[in-house]
Amino acid sequence: MVKTVISRVNNIAEDTSASHALVFEHGRADARYWHDLWRFRELAGFLAWRDIKVRYKQASLGVAWAVLQPVIQTLLLTFVFGKLAKMPAGGLPYFLIVLCGNLAWQLFTAAFNGAGNSLVGNSHLISKVYFPRLVVPISALALALVDFGVMLLLTVPTVAFYGILPTWQIFYLPLFVLLALVIALGAGLWIAALTVKYRDFRFITPFVLQIGVFVTPVGYRTDFLPNWRDLLSLNPLSAVVDGMRWCLLGGRTNLYMPGVAVSALIGAILLGTGLWYFRQTERRFADEI
Amino acid sequence: MSELPVISVENLSKRYIIGHETRQDTLRDRLSHGIACLLRGRRTIIEEEFWALRDMSFDIRSGEVVGVIGRNGAGKSTLLKILSRITEPTAGRVTLRGRVASLLEVGTGFHPELTGRENIYLNGAILGMSRLEIARKFDEIVAFAEVERFLDTPVKRYSSGMYVRLAFAVAAHLEPEILIVDEVLAVGDQQFQEKCLGKIRQVTRQDARTVLYVSHNLKSIEQLCDRAIYLKNGRIAGIGPASEVVSQFIHASSANHLAPAEVRLSPKLVLKRFTLDKLECLGGGKLSYQLQITANESVSIQEIFILVQNLQGERVGLLDLRRLGGARRLAAGATLGIKGDIVSCPLVEGDYVLGLFMHADNEQREHRDLIQFHVHPAASRDGLPAIVTQSLGVALISGDYHEEIYRAP
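These protein sequences, in sequence, are chains A and B. Mapped onto numbering that gives the first Met the number 0, the consecutive letters of the first sequence carry residue numbers 0 to 288. Mapped onto numbering that gives the first Met the number 0, the consecutive letters of the second sequence carry residue numbers 0 to 408.
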């Protein structure tokens with residue numbers, strides 16, 4: 000008799016706890032994670048806003064850095080590929096080919112770097128407050144987007160100055176921006192989670208980017224390299240760079256659709272596995288960081 | 000329904016693995032270690048388990064204010080980290096019924112370049128407030144912190160007092176059903192501490208908020224808490240009415256003289272040695288100390304203080320070990336050794352504990368309860384009767400005097 004009463008009380012307790020309570024124990028997959036992530040979207044906004052604000056606080060310097068470095072890199076690549084290597088330009092000013100390619104590349108670089116370093120950079124938050132850790136790498140993308148916006152505002156008039164006015168292709172630009180961010184976030188999640196445990200991965204990022212600038216068609220057109228095109232397409236960033244160039248130069252370069260498809264596929268795989276690994280390791284971040 | 004505990008902890012355990020000497024924090028280490036193991040044909044595990052919490056269970060009902068006490072390393076911080084969901088338990092289960100906010104540090108996420116106004120929003124969001132909520136309480140927060148005039152000044156220009164006031168003000172205006180607080184009142188001036196305690200008391204009484212409060216200040220635990228939990232070596236050593244548990248803790252700790260051999264001061268610094276030449280001394284007598292701090296990685300130590308506290312957790316004084324030339328830089332593996340004397344110990348009879356305050360690589364940490372020692376009554380002067388301890392106050396003031404008696408003219 001007493002036993003049944005107790006078990007009924009227990010049942011009531013279970014019922015209420017299931018609906019209101021937050022239960023956590025070891026290894027428990029948290030069903031509310033995505034709900035929490037949504038609840039903390041404002042935090043993501045604030046973190047992004049903090050990064051942007053701090054970056055542009057010393058206004059002149061902030062903008063100058065966002066612009067100066069890519070401009071110098073563009074000039075350098077124009078010189079190496081256009082003047083020294085005499086790669087075919089197909090009647091376009093070589094400077095513009097590199098300018099548009101580099102715009103895409105810089106977006107990826109900034110987003111990948113930002114996401115990859117975000118956890119270690121915010122370690123003081125991670126060891127002191129709970130929030131879904133995904134907030135951190137996602138919010139790191141915002142700064143890259145703002146820098147990209149600034150560059151874009153300078154690029155479009157420059158292209159127009161050479162007599163190439165924006166055409167309908169420009170409306171596809173957001174798609175390639177999205178593709179760049181998906182790839183950057185996917186790779187960035189891997190790096191961010193791995194860096195928490197193995198600090199070496201911090202050195203891998205610059206190394207990858209250094210090689211990447213050459214194996215990605217930042218400084219040359221792929222449509223004049225038919226033999227290499229398929230191989231280059233295995234690099235998901237080729238399609239991003241080619242695509243943005245196609246958008247900004249009014250379709251004067253060819254867009255290789257199989258390349259875009261491969262890039263989207265690889266991007267999706269990177270993001271999927273990146274999310275999986277991040278979620279696997281996330282609960283140990285505070286102990287290991 | 001309302002009988003259900005708000006916080007329910009069942010058989011909670013947390014294990015940390017501490018690598019000894021062979022920290023495999025880089026991939027290279029891990030790889031070379033793995034290869035070495037393969038060559039030797041078996042795994043050599045030089046890792047040690049450390050149970051920060053062991054099989055802990057307790058319930059806290061709605062509206063209770065519960066204090067958590069214990070020495071350094073007893074598991075207080077780990078418990079709070081698990082309850083705040085920052086880290087995951089190794090075994091056991093925690094059930095929380097209600098919205099939780101935790102305050103393990105004052106000013107988490109404050110950015111020095113941002114203004115006071117901006118930091119209020121940022122910090123509020125980090126603590127889990129929505130933008131609307133912050134906007135609604137903004138004026139109240141500013142008034143509480145008394146920083147109206149400096150709202151649009153970057154906080155790097157704030158005095159440390161202003162910084163702490165602003166940071167606490169944001170936290171004090173959280174409105175969770177469960178509030179988890181770690182030692183945050185240890186900072187700031189006395190008056191502001193009182194104000195903060197008052198604020199906590201007010202919200203708990205008015206709105207039946209549940210609070211879990213960790214502090215070394217036993218007096219504030221007694222004042223603020225209904226119940227207390229005394230942790231020792233990761234287990235519950237006592238639980239019950241705050242005053243009873245506090246006296247149990249005081250009693251237990253006076254039987255216990257030395258801190259563990261090594262104390263991790265920060266991720267990069269380990270306290271290898273902190274000793275006194277004797278654990279009992281006379282009031283006004285000489286006391287010598289030795290300090291050895293080893294750096295695992297290169298680190299810059301801006302400030303060191305030795306903190307002196309009584310067993311109630313009140314600060315009695317501190318010993319300034321800052322250096323005139325600025326920060327001390329230690330290369331990886333280097334050890335900083337300090338030897339010194341407290342020339343005439345200005346303490347009245349009683350038990351005291353020494354702790355360390357470290358400011359290294361822009362991180363400030365306090366480590367209390369490292370050494371305990373006893374001060375015996377000062378020798379009475381030239382055969383004068385001794386004065387009872389209760390009349391002496393807290394400090395031993397010594398001085399010379401001359402006297403004359405002027406006769407009535």
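Backbone N, C-alpha and C fix where the C-beta goes; we use that ideal spot for every residue, glycine too. These numbers come from a predicted model, not from an experiment.
Check: Where the region 193-213 of chain B meets chain A: residues whose CB sits under 8 Å from a CB there; Outcome: none
Check: Secondary structure, alpha helix (DSSP H): runs of 4+ residues fully inside the region 196-238 of chain A; Outcome: 200-214, 225-232
Check: Proximity test, Cβ basis, 7 Å: A/V119 and chain B; Outcome: no
Check: Secondary structure of B/S265, DSSP reduced to three states; Outcome: strand
Check: Below-7 Å beta-carbon distance, B/E20 vs any chain A residue; Outcome: Per-residue confidence for B/E20 stands at a pLDDT of 42, beneath the threshold of 50, marking its modelled position as unreliable; no derived number is given.
Check: Bridge partner(s) assigned by DSSP for B/Q291; Outcome: B/R272, B/G336
Check: Chain B residues whose Cβ lies nearer than 8 Å to that of A/A114; Outcome: Neighbours of A/A114 on chain B: none; closest Cβ ~19 Å, over 8 Å.
Check: Collapsed DSSP secondary structure at A/R244 in the structure displayed; Outcome: helix
Check: Three or more C-beta pairs below 8 Å linking the region 115-128 of chain A and the region 98-106 of chain B; Outcome: yes
Check: Cβ-based burial, B/I235 [other Cβ within 10 Å; buried from 16]; Outcome: buried
Check: is_contact[B/N53, chain A] using C-beta, thresh 7 Å; Outcome: According to the sequence shown, residue 53 of chain B is Arg rather than Asn. It does not; no Cβ of chain A falls within 7 Å.
Check: Residues of the region 127-160 of chain A with Cβ closer than 8 Å to any Cβ of chain B, in chain order; Outcome: K127, V128, Y129, F130
Check: Ordered list of alpha helix (DSSP H) runs contained in the region 73-132 of chain B, each at least 4 residues; Outcome: 75-82, 115-125
Check: Cβ pair count under 8 Å reaching 3, the region 166-175 of chain A against the region 59-79 of chain A; Outcome: no
Check: Sub-7 Å separation of B/D151 and B/T114 beta-carbons; Outcome: yes
Check: Chain A within 7 Å of B/T89, Cβ atoms only; Outcome: yes
Check: C-beta contact flag for B/N122 and B/V154 at 7 Å; Outcome: no
Check: Opening and closing residue of the beta strand (DSSP E) in which B/V65 lies; Outcome: 64-68
Check: Distance between B/V67 and A/V134 (C-alpha atoms, nearest Å); Outcome: 31 Å
Check: Below-7 Å beta-carbon distance, B/R364 vs any chain A residue; Outcome: no
Check: Neighbour list for B/S242 in chain A, Cβ cutoff strictly below 8 Å; Outcome: Ordered by position in chain A, no residue passes the 8 Å Cβ test against B/S242, which lies about 31 Å from the chain.
Check: Cβ-Cβ distance between A/T215 and A/S237 below 7 Å; Outcome: yes
Check: Beta-ladder partner(s) of B/Q371, from DSSP; Outcome: B/V352
Check: Selected residue, minimal CA-CA separation from B/T203, among B/E403, B/A385, B/V8, B/V64; Outcome: B/V64
Check: Contact set between A/F45 and chain B, taken where Cβ atoms lie within less than 7 Å; Outcome: Y120, L121, A124
Check: Proximity test, Cβ basis, 7 Å: A/V207 and chain B; Outcome: no
Check: Burial state of A/W275, where buried means 16 or more other Cβ atoms lie within 10 Å; Outcome: exposed
Check: Limits of the unbroken beta strand (DSSP E) element including B/F304; Outcome: 298-309
Check: The region 135-149 of chain B / the region 166-180 of chain B touching (three or more Cβ pairs under 8 Å); Outcome: yes
Check: Residues of the region 165-197 of chain A whose Cβ lies closer than 7 Å to any Cβ of chain B, in chain order; Outcome: Y197
Check: Limits of the unbroken beta strand (DSSP E) element including A/K56; Outcome: First-last for A/K56: 40-56, but that is the alpha helix (DSSP H), not the beta strand (DSSP E).
Check: Contact set for B/G74: own chain, Cβ-Cβ below 6 Å, skip 5 residues either direction; Outcome: A51, L52, L230, G233
Check: Extent of the continuous beta strand (DSSP E) to which B/L211 belongs; Outcome: 209-213
Check: Cβ neighbour criterion (16 or more within 10 Å) applied to B/D368; Outcome: buried
Check: Cα-Cα separation, A/K196 to A/F45; Outcome: 27 Å
Check: Closest residue to A/G211 among A/F111, A/Y255, A/L193, A/G249 (Cα-Cα distance); Outcome: A/F111
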